[in-house]
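*Asks:*
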Amino acid sequence: MRPSFHIDPKLYDELLESLNEMHFTESRGNITDFNIYFDDLWLSDTAVVENLSLVQGMWDIQLLFALSNNPLRFIKRSIVSSPDKKRATLTASLMRRLAAKDQRGTLCIRIEDLNLSEN
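Quick note on our numbering: the sequence shown kicks off at 11 and runs consecutively.
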């Protein structure tokens, strides 16, 4: 016969408190939060830039979709991770070419377009 399951009262209280917090923090968004997905016509004029970063021993591949005439309007998406830098670089360039609406890469973002002030 199996012994009955026992949980420490302090641990049980912490578990209930965590579940209560999750109930209030994991709430549904409003429909206005999803407008960026529904209003996606601007994505046809975006330049796609790949970004590689080393995170916990894995090369994280992220794609940045920036509007070519207003680069401050962008979306950054994490695509995949790879343990090898060479493979991650190759995958990132392939993903960029697949995701770009302009496959030739003529759309680009210049630092001058950002209107940065060095004050």
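From the three backbone atoms N, C-alpha and C, an ideal C-beta is built for every residue, glycine too.
What residue from Gly67, Trp69, Arg87 and Lys96 has the CA that sits closest to Ala76's CA?
*Replies:* Stepping through the sequence shown from its first residue, residue 76 is reached at position 66. Nearest option by C-alpha distance: Arg87.
*Asks:* From the DSSP output, which residues share a beta bridge with Met68?
*Replies:* Sequence index remark: in the sequence shown, residue 68 carries index 58 (1-based). Beta-bridge pairing links Met68 to Val65.
*Asks:* Within 8 Å, do at least three Cβ pairs link the region 59 to 69 to the region 100 to 109?
*Replies:* The region 100 to 109 is in contact with the region 59 to 69.
*Asks:* Going by the DSSP bridge assignment, what does Ala76 pair with across the sheet?
*Replies:* Numbered from its first residue, the sequence shown carries residue 76 at position 66. Bridge partners of Ala76: Ala57 and Phe84.
*Asks:* Whole angstroms is fine: what's the gap from Asp18's alpha carbon to Pro93's?
*Replies:* Counted from its first residue, the sequence shown places residue 18 at position 8. Counted from its first residue, the sequence shown places residue 93 at position 83. Using only the alpha carbons, I get a separation of about 41 Å.
*Asks:* What is the residue span of the alpha helix (DSSP H) that Arg107 lies within?
*Replies:* The residue given as residue 107 occupies position 97 in the sequence shown. Segment Lys95 to Ala109, the alpha helix (DSSP H) holding Arg107.
*Asks:* When burial is assigned at 16 or more other CB atoms within 10 Å of the CB, is Thr42 buried or exposed?
*Replies:* On the sequence shown, residue 42 is found 32 positions in, with the first residue counted as 1. Under this definition Thr42 is an exposed residue.
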